[in-house]
Amino acid sequence: MTDQPEVAIVRWPGQALSSRDGLADLLASYHLQTQAEKGEAVAGVDGLPDCYRVEITNPRTAFANDVVLLALSGDTPVGCLVVTASVAGRAEVKRLWTAPAFRGRGIASRLVNAALAHAAESGVSAVRLSVWKWREDAIALYERLGFTVTQSWDEREQLVCMERAV
28 MTDQPEVAIV
38 RWPGQALSSR
48 DGLADLLASY
58 HLQTQAEKGE
68 AVAGVDGLPD
78 CYRVEITNPR
88 TAFANDVVLL
98 ALSGDTPVGC
108 LVVTASVAGR
118 AEVKRLWTAP
128 AFRGRGIASR
138 LVNAALAHAA
148 ESGVSAVRLS
158 VWKWREDAIA
168 LYERLGFTVT
178 QSWDEREQLV
188 CMERAV
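The following block contains the structure:
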């Protein structure tokens, strides 16, 4: 028996979730941390590039064609992941984030597995992702879940591109 609350993975937006469901806070944490890791720290969301800021300020529009998965501990959002709409039989996993206080509980693995299940249900043949090379723990997680490094489709330096058949 554990005193840690159960974590549920839900699709967003869901009927049980309000417009103030915490996704924006998770995305803000993700993007601010990423900017800092790239050596481009900003003081707040307003300092982020427009393409990232719009995800935080208007996620319903930014991810209108995608599936967003939220990990909830009770009513508290503790993780997120975006599965893009299929292009040429492939979906992409983006924005995997677990709140630091909830790491080490298997939440990221559960989010990725839920994304893979969604992809399989959608008839996608493969799921791909890109991850910054310094995020060694994330790369190890993806490898444990069957992803392998593949030819890069992204021109940004320091990105590792990975893919897995569904």
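Under our numbering, the first residue of the sequence shown is numbered 28, with each subsequent residue one higher.
Heads up, the beta-carbon is just placed ideally off N, CA and C, and yes, glycines get one too.
Owing to the predicted nature of the structure, the values given are computational and were not obtained by experimental measurement.
Runs of the beta strand (DSSP E) spanning 3 or more residues and lying entirely within the stretch 76-148 occur at 94-100, 103-110, 117-125, in chain order. Beta-bridge annotation (DSSP): W159 is paired with L186. In the structure shown, A165 falls within a helical segment according to DSSP collapsed to helix, strand and coil. Taking all protein chains shown into account, P127 has fewer than 16 neighbouring C-beta atoms within 10 Å of its C-beta and is therefore exposed. DSSP, read as helix, strand or coil, puts V154 in strand. Less than 9 Å separates the beta-carbon of W124 from that of L53. Taking C-beta separations shorter than 7 Å and ignoring five residues to either side along the sequence, the partners of V151 in its chain run S113, G116, R117, A118, V193, following chain order.
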